[in-house]
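Single-structure report; data block below.
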Amino acid sequence: MTDQHPGSRSAPLTSPDEVATALLTAVESLVVLWGRAHQAPGTTVSTSQLRALITIDRHRRIHLRGLAEELGAAASVTSRICDRLQTAGLIDRDVGEADRRQVILRLTREGAELLAELRERRRAGLRATLAGMAPAARASLLVGLEEYHRAAEPVAQPVAPPVAQPVAQPAAQPVAPTGHDAAPAG
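Per numbering that gives the first Met the number 0, the very first residue in the sequence shown carries number 0; after that it's consecutive.
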């Protein structure tokens, strides 16, 4: 007997297109789960503020400019996001040690606690979903996710713009005179 649920495919998905379609469906349901955890009572940050908190947490300390680059936002927009986060007591801004013009961001205890609570709500939602899966399917999912992560790392890295290389110009070649261009013989 197999651990398949009704509607399961008997043949494994193998083409990148089939797997991409299945993954897209799974990610969409994950986004809904993520959104529910974020919209729970007590969560007072916007999605862009949450992205900033998660990025600051991942780095522990990050320059305002680096945060803006990671968020793909202008420095002025990122600064306003950080103003709100600082007012809410979720981040602190420090002056850079080497360059006092730099602004260093870090989570406060309250910011770290908010992220921990949100992550636990998300983890609980994932646990509930995964509990409905057969153990063999969970094991396969884990192997697949690990492999996906390995394959996605190089793709997810920012691509540096190519360095412009000077184009070599061919050396000017002397033009052989034609009968019409030839100087008259003397």
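Even glycine gets a Cβ: it sits at the ideal position worked out from N, Cα and C.
- Distance from the CA atom of Ser-139 to the CA atom of Val-18, rounded to whole angstroms, is 14 Å.
- The segment 82-92 and the segment 102-121 touch, with no fewer than 3 CB-CB distances between them shorter than 8 Å.
- In the DSSP secondary-structure assignment, Leu-104 is bridged to Ile-61 and Arg-92.
- Taking 8 Å as the cut-off, the beta carbon of Trp-33 is found no closer than this to the beta carbon of Arg-149.
- Just measuring C-alpha positions, the residue of Arg-137, Glu-116 and Val-76 sitting nearest Gln-38 is Glu-116.
- A residue is called buried once 16 or more other Cβ atoms fall within 10 Å of its Cβ, and Thr-77 is buried on that count.
- Per the coordinates, the alpha-carbon of Leu-70 lies some 7 Å from the alpha-carbon of Arg-50.
- The C-beta of Ala-67 has 16 or more other C-beta atoms within 10 Å across all chains shown, which makes the residue buried.
- If you draw a straight line from the Cα of Arg-35 to the Cα of Val-142, it comes to about 27 Å.
- In the displayed model, Gly-110 falls within a helix according to three-state DSSP.
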